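S.K.: Those protein sequence lines, which keep their order, are chains A and B. So in my numbering, spot 110 of the first sequence is number 112, and the numbers just go up one at a time. So in my numbering, spot 110 of the second sequence is number 112, and the numbers just go up one at a time.
Number of protein chains: 2
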Amino acid sequence: MLTVNDILLIKGPDVMVATSTTTVLEAAEQMAESGVGSVVIEDSSGADGIFTERDLLQRVVVAGRDPVATPLSEVMTSPVATCSTSTTVRDAQAIMFEQHIRHLVVEEDGGLVGLIGVRDVLAALLREDEDKIKELENYKEHSPVV
Amino acid sequence: MLTVNDILLIKGPDVMVATSTTTVLEAAEQMAESGVGSVVIEDSSGADGIFTERDLLQRVVVAGRDPVATPLSEVMTSPVATCSTSTTVRDAQAIMFEQHIRHLVVEEDGGLVGLIGVRDVLAALLREDEDKIKELENYKEHSPVV
Chain A
3 MLTVNDILLI KGPDVMVATS TTTVLEAAEQ MAESGVGSVV IEDSSGADGI FTERDLLQRV
63 VVAGRDPVAT PLSEVMTSPV ATCSTSTTVR DAQAIMFEQH IRHLVVEEDG GLVGLIGVRD
123 VLAALLREDE DKIKELENYK EHSPVV
Chain B
3 MLTVNDILLI KGPDVMVATS TTTVLEAAEQ MAESGVGSVV IEDSSGADGI FTERDLLQRV
63 VVAGRDPVAT PLSEVMTSPV ATCSTSTTVR DAQAIMFEQH IRHLVVEEDG GLVGLIGVRD
123 VLAALLREDE DKIKELENYK EHSPVV
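1. Please tell me whether S40/B and L106/B are closer than 8 angstroms, where the distance is taken between their beta carbons.
2. For the candidate residues E109/A, M33/A, D93/A and L4/A, whose alpha-carbon lies nearest to that of D50/A?
3. I'd like to know whether the C-beta of L59/A is nearer than 8 angstroms to at least one C-beta of chain B.
4. Sort out for me which residues DSSP pairs H102/B with in a bridge.
5. For E55/A, count the other beta carbons within 10 Å of its own beta carbon; 16 or more makes it buried, fewer makes it exposed. Which is it?
6. Output the distance between the C-alpha atoms of E31/B and V64/A, rounded to the nearest integer angstrom.
7. Is it true that the stretch 68–78 of chain B meets the stretch 129–138 of chain A, where meeting means three or more beta-carbon pairs spaced less than 8 angstroms apart?
8. Cβ atoms of A96/B and L4/B: under 8 angstroms apart, would you say?
9. So which residues on chain A does I12/B lean against when the C-beta distance must stay under 8 angstroms?
10. Just how far apart, CA to CA, sit V82/A and H102/A?
11. Following the continuous beta strand (DSSP E) through V64/A, name the residue where it begins and the one where it ends.
12. E44/A bridges to which residues according to DSSP?
13. Going along chain A, which residues have a C-beta under 7 angstroms from R56/B?
14. Keeping to the same chain, check which residues put their C-beta closer than 7 angstroms to that of G113/A; ignore five residues upstream and five downstream.
15. Going by alpha carbons, who is nearest to T24/B out of I12/B, N7/B, R61/B and M78/B?
16. Spell out whether any CB of chain B is found under 8 angstroms from the CB atom of P146/A.
17. Could you tell me which of L74/B, V115/B and H144/B sits nearest to E163/B, measuring between CA atoms?
18. Is there a C-beta anywhere in chain B that falls below 8 angstroms from the one on R92/A?
19. Considering only residues of the same chain and omitting the five flanking positions on each side of S86/A, which have a CB-CB separation below 8 angstroms?
20. Would you verify that the beta carbon of A49/A is, or is not, closer than 8 angstroms to some beta carbon of chain B?
21. Measure the Cβ-Cβ separation of L124/A and L124/B and say whether it is below 8 angstroms.
22. Given that P69/B touches chain A, what residues does it touch there, using C-beta distances under 8 angstroms?
23. Quick check: the Cα distance between S46/A and S36/A, rounded to an integer number of angstroms?
24. Pick helix, strand or coil for V91/A, following the three-state DSSP scheme.
25. Straight-line CA distance for T90/A to S22/B?
26. When Cβ atoms are compared, which residues of the stretch 123–146 of chain A fall closer than 7 angstroms to chain B?
27. Can you tell me where the beta strand (DSSP E) with L114/B in it begins and where it stops?
28. Is there a Cβ of chain B sitting closer than 8 angstroms to that of L27/A, yes or no?
29. Tell me, to the nearest whole angstrom, how far the beta carbon of E139/A is from that of L138/B; I am working on the premise that it is less than 8 angstroms.
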């Protein structure tokens with residue numbers, strides 16, 4: 003079974019991080035520059051929240067907040083759902099599905115080690131299934147004809 | 003092989019549509035209300051462009067444009083990549099991968115009939131693979147022991 007660690011090995015452990023006092027504009031600039039759609043807000047005790055493109059749409063633009071004057075603390079989702087590197091990809095998918103969320107913060111010993119999205123999870127499950135198909139087709143090929 | 007039509011049968015043909023003179027704020031309000039991350043801009047001859055949460059981040063907020071005063075024509079991606087309902091899901095995935103895009107507008111006879119995202123495509127491929135695994139496991143179960 004693939005785990006969250008296998009996803010991080012492929013996509014890398016890099017997570018965009020900000021603090022709760024970072025402004026929306028500063029976070030948006032960072033996100034745009036790196037071509038990512040989310041940033042994790044970290045405080046001294048680990049991940050404190052997450053701010054995504056969806057939050058920018060709903061809680062900033064539609065809510066009429068000023069990106070220059072709004073700190074992430076006002077518009078982030080907090081607390082944030084977490085998993086560990088040893089969580090299986092199927093369990094990660096189940097958590098996302100049950101909680102209607104698209105991101106999971108990966109923590110080890112209370113420290114932030116990564117961020118995975120629903121697309122990472124689906125792509126990993128697809129790899130897992132395609133390996134399984136190869137294995138089964140190999141069995142079929144070498145089994146006697148009935 | 004699953005096709006784009008199979009995806010539309012599951013997610014429904016509903017697409018959020020706007021015109022090129024719709025303002026960013028109006029589009030954002032529509033998107034937020036419906037909980038979607040993109041809107042297709044349609045003119046008399048079909049889909050003219052697409053506007054997504056990523057465009058809101060990069061071309062509006064970071065670019066310092068005013069959502070109230072900016073029409074979608076200034077910030078949409080145009081022309082937009084399209085496919086048909088008979089495109090296979092694997093071909094749709096290949097188009098998205100090659101063009102580094104996350105959405106494909108589905109057209110039939112020049113008319114807009116749907117919008118699919120990379121997550122829809124991955125989820126459909128996963129269903130296809132899981133059916134294949136069941137079929138192969140069934141074969142294995144009923145094949146004689148070597």
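In this text, a Cβ means the ideal position worked out from N, Cα and C, and glycines have one as well. Keep in mind it's a predicted model, so treat the numbers as computed, not measured.
M.R.: So, from the listed chains and residues:
1. Going by beta carbons, S40/B and L106/B fall outside the 8 angstroms limit.
2. Comparing Cα-Cα distances from D50/A to each of E109/A, M33/A, D93/A and L4/A, the minimum goes to E109/A.
3. Yes, because at least one Cβ of chain B sits closer than 8 angstroms to the Cβ of L59/A.
4. Per DSSP, none; premise fails for H102/B.
5. Buried is the label assigned to E55/A, since at least 16 other Cβ atoms lie within 10 Å of its Cβ.
6. Going by C-alpha positions, E31/B is about 6 angstroms away from V64/A.
7. The stretch 68–78 of chain B and the stretch 129–138 of chain A do not touch, with fewer than 3 CB-CB distances between them shorter than 8 angstroms.
8. The answer is no: Cβ separation not under 8 angstroms.
9. Simply none; closest approach about 14 angstroms.
10. Approximately 12 angstroms between the Cα atoms of the pair.
11. Where V64/A is concerned, there is no enclosing beta strand (DSSP E), because DSSP gives it neither an H nor an E.
12. Note: E44/A sits in a beta bridge opposite A49/A.
13. Within 7 angstroms Cβ-Cβ: G39 and E55.
14. Hits under 7 angstroms: G48.
15. Here the closest residue by C-alpha is M78/B.
16. Judged by the 8 angstroms Cβ criterion, P146/A is in contact with chain B.
17. Because chain B in this structure spans residues 3 to 148, residue 163/B falls outside the shown range and cannot be described.
18. No, no contact with chain B.
19. The answer, listed in chain order, is V6, V108, E109 and E110.
20. Using beta-carbon distances, A49/A does not count as an interface residue toward chain B, since no partner is under 8 angstroms.
21. Yes, the pair counts as a contact, with Cβ atoms nearer than the cut-off.
22. Near P69/B (Cβ distances below 8 angstroms), the residues of chain A are V63.
23. Separation of S46/A and S36/A (C-alpha to C-alpha, rounded to the nearest whole angstrom) is 24 angstroms.
24. The answer is helix: DSSP assigns V91/A an H, G or I state.
25. For T90/A and S22/B, the distance between alpha carbons rounds to 44 angstroms.
26. Listed in sequence order: L124, A125, L127, L128, D131, E132, K134, I135, L138, E139, Y141, K142, S145 and P146.
27. Boundaries of the beta strand (DSSP E) harbouring L114/B: G113 to G119, taken from the DSSP string.
28. Judged by the 8 angstroms Cβ criterion, L27/A is in contact with chain B.
29. Going by Cβ atoms, the distance from E139/A to L138/B rounds to 7 angstroms, so yes, they are a contact pair.
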